[in-house]
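Visitor: FYI, the working numbering numbers position 4 of the sequence shown as 767, with every residue one higher than the one before it.
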Amino acid sequence: MGGSFHKPPNSMFLASSMSSSHRPKEDNPPILLAVGSSKSATLGPEQLNIVYGNNKSYWKMPPSGSIGVAAELLEVCWLEVTGSIRSAVKGNKYKISFAMSLKPDAFGWDDCPVYVMAKFGKEGKYSWKKFMLQQGKLEIGELEIEYKDGNNNRGIGNETIYFGLYEVWSGKWKGGLLLHSATVKQLP
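1) Would DSSP call Gln-810 helix, strand or coil?
2) So the candidates are Lys-856, Gly-887, Arg-849; which of them puts its Cα closest to the Cα of Leu-806?
3) Buried or exposed: which applies to Val-852, given that a residue is buried once 16 or more other Cβ atoms fall within 10 Å of its Cβ?
4) What does Lys-856 pair with, by DSSP beta-bridge criteria?
5) Report buried or exposed for Glu-886, applying the criterion of at least 16 other Cβ atoms within 10 angstroms of its Cβ.
6) Thinking just about the alpha-carbon of each residue, which of Gly-927, Asp-874, Met-863 is nearest to the one in Gly-831?
7) Excluding sequence positions up to five away, which residues of its chain have a Cβ less than 7 Å from the Cβ of Glu-843?
8) Look at the Cβ atom of Lys-892, then the Cβ atom of Glu-905, and state whether they are nearer than 9 Å.
9) Where does Lys-866 sit, in a helix, a strand or coil, going by DSSP?
10) Grab me the residues of Ser-944's own chain with a C-beta within less than 7 Å of its C-beta, minus the 5 sequence neighbours each way, in chain order.
11) For Leu-836 versus Leu-941, is the C-beta distance shorter than 9 Å?
12) Tell me, to the nearest whole angstrom, how far the beta carbon of Lys-802 is from that of Gly-854; I am working on the premise that it is less than 8 Å.
13) So, using beta-carbon positions, are Ala-869 and Gly-938 closer together than 9 Å?
14) Determine the burial state of Val-798: buried for a count of at least 16 other Cβ atoms within 10 Å of its Cβ, exposed for fewer.
15) From which residue to which residue does the beta strand (DSSP E) around Lys-893 run?
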């Protein structure tokens with residue numbers, strides 16, 4: 764899946780150990796909850812790992828305990844937002860999506876693709892999709908992945924979906940992104 768232009772490298776999750784990341788308070792990832800005949804979970808910015816999220820020069824994070832308030836990217840050259848969710852079931856398909864928008868004064872996004880990536884388990888194989896952001900509209904960056912033999916084959920922890928939103932390759936400074944939420948949904 765994906766193209767050859769701007770193809771992300773295989774060893775791409777480099778910054779997950781950066782000390783300036785905004786990290787959720789829980790060490791245990793949330794689980795998918797039943798919603799009708801499907802399972803899903805929506806995570807707000809406070810439940811995601813945002814690299815440089817604790818640095819007020821780079822991000823304006825929502826107040827603690829707030830619901831439905833977006834995190835605002837002020838300025839970074841390395842966009843990395845990650846999360847995880849438990850209780851994936853082999854044989855099912857899942858949709859990972861990030862809801863985001865650009866402010867009118869956003870900059871650095873021209874010719875700068877953003878990637879949504881996901882895998883099952885820590886040893887799983889990444890799937891990815893690139894897309895371009897446009898000013899003036901709510902963007903939903905989506906990726907569908909299937910939990911099957913061959914994309915994760917290492918036992919314990921494979922029921923966890925690891926996912927992220929990235930723009931780390933251009934080296935361009937960018938700002939004005941509003942990160943509203945990330946959603947993982949089991950597909951029928």
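Beta carbons are placed, not taken as given, at the ideal position from N, Cα and C, and that holds for glycine. No experiment lies behind these values; they were computed from the predicted model shown.
Guide: Here's the rundown:
1) In the structure shown, Gln-810 falls within a helical segment according to DSSP collapsed to helix, strand and coil.
2) Considering only alpha carbons, the answer is Arg-849.
3) By the neighbour-count definition (other C-beta atoms within 10 Å, threshold 16), Val-852 is an exposed residue.
4) According to DSSP, which records beta bridges pairwise, Lys-856 is partnered with Glu-909, Leu-950.
5) With fewer than 16 other Cβ atoms inside 10 Å of its own Cβ, Glu-886 counts as exposed.
6) Checked all of Gly-927, Asp-874, Met-863; the closest Cα to Gly-831 is Met-863.
7) Cβ neighbours of Glu-843 beyond the five flanking positions: Ala-778, Val-814, Gly-927, Tyr-929, Val-931.
8) It is a contact, given that the beta carbons lie within the stated cut-off.
9) Strand.
10) Same-chain partners within the cutoff: Thr-805, Leu-806, Gly-807, Ala-862.
11) Taking 9 Å as the Cβ cut-off, Leu-836 and Leu-941 qualify as a contacting pair.
12) So it is not a contact: roughly 14 Å between Cβ atoms.
13) Cβ atoms of Ala-869 and Gly-938: closer than 9 Å.
14) Only exposed fits Val-798, as fewer than 16 other CB atoms lie within 10 angstroms of its CB.
15) Its beta strand (DSSP E) spans residues 890-894.
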